[in-house]
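Colleague: Structure provided below as structure tokens; questions to follow.
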Amino acid sequence: MFTGASPSLPRFGLRFLFGVVWDPVHGIFGVAPEILGTLVTSGIALLISVPLSIGAAIFLSEHAPAWLRDPVGYVIELLAAVPSVVFGFWGLAVLVPLMQGSVDPWLQSAFGWSPLLGGPNGGGRNILTASVVLAVMVTPTISAVTRESLAAVPRDQREAALSLGATRWEATRLAVLRYARTGIFGGIILGLGRALGETMAVTMTIGNKNAFSGSLISPGQTMSSLIANEFTEATGKLYVSALVEIGLVLLLVTLLVNIVARLLVWRVVRGGAVAGGA
Amino acid sequence: MASPTVRRAFNWVAVALTCACVVVILIPLASILYTAIVLGGSVLSLHFLTAGPPAACTIPSGVGCPVGGIGPLIGGTLALVGLASALAVPIGVLTGIFTSEYGGRGLGRAVSFFTDVMTGLPSIVIGVFVYGLFVLYYPRIVFSAITGSIALAIIMIPIVARTSEESLRAVPHSVREAALGLGIPKYRGILRVVLPSALPAVATGALLAVMRAGGEAAPLLLTAFGNRLGFVGLDQPVGSLPPTIYEFGTSGASNWLADAWGASLILIILMLGISIVARLVLRNRFRAFGGG
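Heads up: the protein sequence lines correspond to chains A and B, in order. Note that the numbering used here numbers the first sequence so that position 228 is 823, with each residue one more than the last. Note that the numbering used here numbers the second sequence so that position 108 is 125, with each residue one more than the last.
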């Protein structure tokens with residue numbers, strides 16, 4: 596991939612990462628808006644998904660009756676079996692009209708004064724919509740890893756807290772979550788890795804505009820959606836190699852994120868298994 | 018500290034909130050299934066499963082539009098996934114055997130750590146990688162069944178490797194020792210005794226990888242590309258289901274939109290089916306060995 600990007604790597608250098616203009620016609624390639632788009636969509640997706648996934652995992656492993664645990668946990672994980680292009684199509688057909696018809700106008704009238712939620716809403720295809728689809732997609736990952744981490748917490752930990760007179764929730768908060776936090780954090784980073792690289796679902800819902808206006812209800816672009824959108828139309832060595840270079844940036848970022856995530860998850864799940872002699 | 022009543026109330030609020038999280042998470046899944054069944058179910062027929070894609074038609078109601086199907090695209094997906102499996106399953110299983118039986122704590126752990134990391138790499142990056150490789154050395158077949166199936170194989174290998182490793186690890190040590198005790202060499206013990214007893218679980222892992230690859234669209238946009246004819250030759254572009262869902266789903270043509278839902282429904286049924294079968298097999302398997 597380094598060789599594939601070789602025409603554009605030395606030509607633009609760091610300007611590639613910080614440039615805001617993407618103009619294939621004039622051979623100017625800067626991907627700062629796309630990098631921002633990737634970070635913002637993934638960030639919002641995590642903001643939505645993390646509380647929900649952890650809450651669901653806590654309910655399933657701490658509060659739910661035993662017969663409910665596995666079936667419901669499994670149904671949540673079924674979300675991971677849905678192909679990403681189907682998520683995108685669902686986002687386009689169901690979520691986009693919903694956002695356009697009710698959520699975006701409401702946000703605009705309530706918070707339109709702030710640059711974050713003002714401006715034209717791009718007909719429902721915008722950064723916020725893409726973030727919501729991403730949130731749905733990373734939820735099974737985060738909740739599955741959280742459930743595993745909670746299951747790795749020793750029983751004594753809960754019983755000790757309960758025997759001190761803690762309520763079930765207090766035991767969870769003080770004794771269980773604290774113990775499992777490394778693994779849960781690993782799961783969140785794993786979800787982040789998935790969100791950063793997700794292509795089809797984002798491409799279909801984000802509006803595909805090569806700019807980052809600062810407003811969440813404006814169309815935007817991510818690194819992966821830019822590749823998917825323009826690769827087949829790219830003409831000329833420099834254009835193609837610029838797209839390959841985006842792929843290279845994405846590869847390095849997700850590689851780093853995944854290594855961190857796996858280290859955290861391994862420490863909890865595997866380390867626990869070894870110490871427990873299982 | 019707050020009074021017991023307040024604390025108990027807090028407890029119930031927490032239970033209610035976490036339970037609400039489960040419900041909220043299940044809404045999108047229900048919505049996806051509902052939409053796919055309602056919109057996709059209406060186009061399903063034998064004709065839909067066998068005929069070629071229709072010409073685009075922009076009559077909003079869809080009345081009078083040409084009716085086609087996705088037959089060749091199903092064939093294209095089967096061809097791509099089949100070729101990819103032929104590459105990925107042997108490599109993946111051998112990697113799994115290495116990490117579980119030979120790797121030891123140093124190299125074996127490092128290899129399985131990086132296979133884990135690889136499962137998290139975005140599929141589009143793998144598509145760009147395969148594209149970049151072929152455009153440099155074999156530009157004539159950049160858009161072909163070969164590159165498409167190589168990209169899918171790269172996605173599948175880490176999944177096959179990790180599930181094979183886990184399934185082999187679940188085989189009790191006594192089985193290996195029994196084989197060694199009969200005086201046969203280690204590699205034959207692995208091939209004839211350990212691997213067969215883990216086979217259902219290994220096969221299930223391969224099935225999970227097939228599931229993942231069968232739903233991928235992003236890398237295929239840069240490799241197998243697409244056509245309306247499905248698989249027409251190793252060195253030719255291949256039309257398959259997921260990229261077609263993207264193409265038809267983002268088009269304005271009413272009959273294409275309906276067909277995209279039909280194709281989505283078929284993909285969902287296949288994926289969920291594989292996932293449920295895998296779940297049942299793996300659970301029974303690991304239970305039979307007294308928990309993985």
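Beta carbons: idealized from backbone N, C-alpha and C, even for Gly. As the structure is a prediction and not an experimental result, all values here were calculated from the model.
Does the Cβ of P260/B lie closer than 7 angstroms to at least one heavy atom of the ligand FMN?
Modeller: Summarising the ligand content, the structure contains no ligands, and the ligand FMN is consequently not present.
Colleague: Answer yes or no: does any C-beta atom of chain A fall closer than 8 angstroms to that of S20/B?
Modeller: The residue given as residue 20/B occupies position 3 in the second sequence. No, S20/B does not count as interfacial toward chain A.
Colleague: Name the residues in the stretch 835-849 of chain A whose C-beta lies less than 7 angstroms from a C-beta of chain B; which are they?
Modeller: Listed by position along the chain: V839, G842, L845, L846, T849.
Colleague: Counting only Cβ-Cβ distances shorter than 9 angstroms, please list the residues of the stretch 761-780 of chain A near chain B, keeping chain order.
Modeller: Under the 9 angstroms Cβ criterion, the stretch 761-780 of chain A contributes A761, T762, R763, W764, E765, T767, R768.
Colleague: Do V80/B and H64/B have their C-beta atoms within less than 8 angstroms of each other?
Modeller: The residue labelled residue 80/B in the question sits at position 63 within the second sequence. The residue labelled residue 64/B in the question sits at position 47 within the second sequence. Against a cut-off of 8 angstroms, the Cβ pair of H64/B and V80/B comes out as no contact.
Colleague: Would you kindly report the start and end of the unbroken alpha helix (DSSP H) that includes F65/B?
Modeller: The sequence position of residue 65/B within the second sequence is 48, counting from 1. F65/B -> alpha helix (DSSP H) spans 63-67.
Colleague: Work out the CA separation of A747/A and P660/A for me, nearest whole Å.
Modeller: On the first sequence, position 65 is the one that residue 660/A refers to. On the first sequence, position 152 is the one that residue 747/A refers to. Their backbone Cα atoms lie some 18 angstroms apart in a straight line.
Colleague: Residues of chain A with a CB under 7 angstroms from the CB of S292/B: which are they?
Modeller: Reading the second sequence from its first residue, position 275 is the one you call residue 292/B. Those within 7 angstroms of S292/B in chain A are L673, A676.
Colleague: Listing by chain order, which chain B residues have their CB less than 7 angstroms from the CB of R857/A?
Modeller: As a first step, residue 857/A must be located in the first sequence, where it is residue number 262. Neighbours of R857/A on chain B, chain order: F130, D133, V134.
Colleague: What are the residues of the stretch 260-275 of chain B that lie near chain A, defined by any Cβ-Cβ distance shorter than 7 angstroms?
Modeller: Residues I262, Y263, G266, T267.
Colleague: Strictly by DSSP, which residues pair up with W617/A?
Modeller: What you label residue 617/A is simply residue 22 of the first sequence in a count that begins at 1. F624/A, per the DSSP bridge assignment.
Colleague: Check the Cβ-Cβ distances between R789/A and every residue of chain B, and say whether any is below 8 angstroms.
Modeller: By one-based count along the first sequence, residue 789/A stands at place 194. Yes, R789/A counts as interfacial toward chain B.
Colleague: Are the beta-carbon atoms belonging to G93/B and S257/B less than 8 angstroms from one another?
Modeller: For the purposes of this step, residue 93/B is identified with residue 76 of the second sequence, where counting begins at 1. For the purposes of this step, residue 257/B is identified with residue 240 of the second sequence, where counting begins at 1. Yes, these two residues count as a Cβ contact at 8 angstroms.
Colleague: For a contact defined as C-beta to C-beta under 9 angstroms, what are the partners of L687/A on chain B?
Modeller: In the first sequence, counting from the first residue as 1, residue 687/A sits at position 92. Per Cβ cutoff of 9 angstroms: G266, T267.
Colleague: Determine, using beta carbons only, whether L224/B and A178/B come nearer to each other than 8 angstroms.
Modeller: Start at 1 with the first residue of the second sequence, and residue 224/B comes out as number 207. Start at 1 with the first residue of the second sequence, and residue 178/B comes out as number 161. No, Cβ-Cβ distance for L224/B and A178/B is not below 8 angstroms.
Colleague: Can you tell which of A96/B, V106/B, Y263/B has the C-alpha that lies nearest to the C-alpha of P254/B?
Modeller: On the second sequence, residue 254/B is found 237 positions in, with the first residue counted as 1. Ranking the options by Cα distance to P254/B, first place goes to A96/B.
Colleague: Under a three-way DSSP split, which group does N803/A fall into?
Modeller: The sequence position of residue 803/A within the first sequence is 208, counting from 1. N803/A: coil per DSSP, three-state reduction.
Colleague: Once you ignore the five residues that flank T67/B on each side, which residues in its own chain have a CB closer than 8 angstroms to its CB?
Modeller: Residue mapping note: residue 67/B aligns to position 50 of the second sequence, counting from 1. These residues qualify, in order along the chain: G86, G88.
Colleague: By the three-class DSSP mapping on this structure, what secondary structure does L246/B have?
Modeller: In the second sequence, counting from the first residue as 1, residue 246/B sits at position 229. L246/B falls in the coil class under three-state DSSP.
Colleague: Since M694/A meets chain B, which of its residues come closer than 9 angstroms, beta carbon to beta carbon?
Modeller: Along the first sequence, one-based indexing puts residue 694/A at 99. Ordered by position in chain B, no residue passes the 9 angstroms Cβ test against M694/A, which lies about 14 angstroms from the chain.
Colleague: Quick check on L297/B: does DSSP put it in helix, strand or coil?
Modeller: Position 280 of the second sequence, counting from 1, holds the residue named residue 297/B. L297/B: helix per DSSP, three-state reduction.
Colleague: Measure the beta-carbon distance from I737/A to S644/A and round it to whole angstroms, keeping in mind my assumption that it falls under 8 angstroms.
Modeller: Taking the first residue of the first sequence as position 1, residue 737/A is located at position 142. Taking the first residue of the first sequence as position 1, residue 644/A is located at position 49. Contact flag correct, Cβ pair sits at about 6 angstroms.
Colleague: Around the C-beta of I176/B, are 16 or more other C-beta atoms found within 10 angstroms, so that it is buried, or is it exposed?
Modeller: Residue mapping note: residue 176/B aligns to position 159 of the second sequence, counting from 1. By the 10 Å Cβ count, I176/B comes out buried.
Colleague: Is the Cβ-Cβ distance between V727/A and L785/A less than 8 angstroms?
Modeller: Locating residue 727/A in the first sequence gives position 132, counting from the first residue. Locating residue 785/A in the first sequence gives position 190, counting from the first residue. Their beta carbons are not under 8 angstroms apart, which means V727/A does not touch L785/A by this criterion.
Colleague: Does the beta-carbon distance from L877/A to V142/B come in below 8 angstroms?
Modeller: Since the first residue of chain A shown is 596 and the last is 873, residue 877/A is not available in this structure.
Colleague: Could you tell me which chain A residues have their CB closer than 8 angstroms to the CB of L104/B, listed as they occur along the chain?
Modeller: As a working note, residue 104/B is residue 87 in the second sequence. The premise fails here: L104/B is roughly 20 angstroms from chain A at the closest Cβ pair, so nothing lies under 8 angstroms.
Colleague: Hey, A829/A and M732/A are a contact pair by Cβ (cut 8 angstroms); roughly how many whole angstroms apart?
Modeller: Sequence index remark: in the first sequence, residue 829/A carries index 234 (1-based). Sequence index remark: in the first sequence, residue 732/A carries index 137 (1-based). A829/A to M732/A, Cβ: 27 angstroms. No contact.
Colleague: For the alpha helix (DSSP H) containing T777/A, list its first residue and its last residue.
Modeller: Here residue 777/A corresponds to residue number 182 of the first sequence, with the count starting at 1. 772-792 is the span of the alpha helix (DSSP H), which, as asked, contains T777/A.
Colleague: If I measure Cβ to Cβ from L757/A and keep anything under 7 angstroms in the same chain, skipping five residues before and after, which residues do I get?
Modeller: In the first sequence, residue 757/A corresponds to position 162, counting from 1. Contacts found: A766.
Colleague: Tell me, to the nearest whole angstrom, how far the beta carbon of A270/B is from that of A170/B; I am working on the premise that it is less than 8 angstroms.
Modeller: If you number the second sequence from 1, residue 270/B lands on position 253. If you number the second sequence from 1, residue 170/B lands on position 153. The pair is not a contact, with the Cβ atoms about 33 angstroms apart (cut-off 8 angstroms).
Colleague: Does the Cβ-Cβ distance between G149/B and T240/B come in under 8 angstroms?
Modeller: Locating residue 149/B in the second sequence gives position 132, counting from the first residue. Locating residue 240/B in the second sequence gives position 223, counting from the first residue. No; because the gap between Cβ atoms is not below 8 angstroms, this pair is not in contact.
Colleague: Check T762/A in the structure and name its three-state DSSP category.
Modeller: Along the first sequence, read from residue 1 onward, the residue named residue 762/A stands at position 167. Residue state, collapsed to three classes: coil.
Colleague: Hey, how far is the Cα of F130/B from the Cα of R857/A?
Modeller: By one-based count along the second sequence, residue 130/B stands at place 113. By one-based count along the first sequence, residue 857/A stands at place 262. The straight-line gap from Cα to Cα measures roughly 8 angstroms.
Colleague: For the stretch 58-72 of chain B, which residues have a CB atom closer than 9 angstroms to at least one CB atom of chain A, in sequence order?
Modeller: Those would be none; no residue qualifies.
Colleague: Could you check how far apart the C-beta atoms of A235/B and T261/B are, in whole angstroms? I think they sit under 8 angstroms.
Modeller: In the second sequence, counting from the first residue as 1, residue 235/B sits at position 218. In the second sequence, counting from the first residue as 1, residue 261/B sits at position 244. Incorrect: roughly 14 angstroms between the Cβ atoms, too far for contact.
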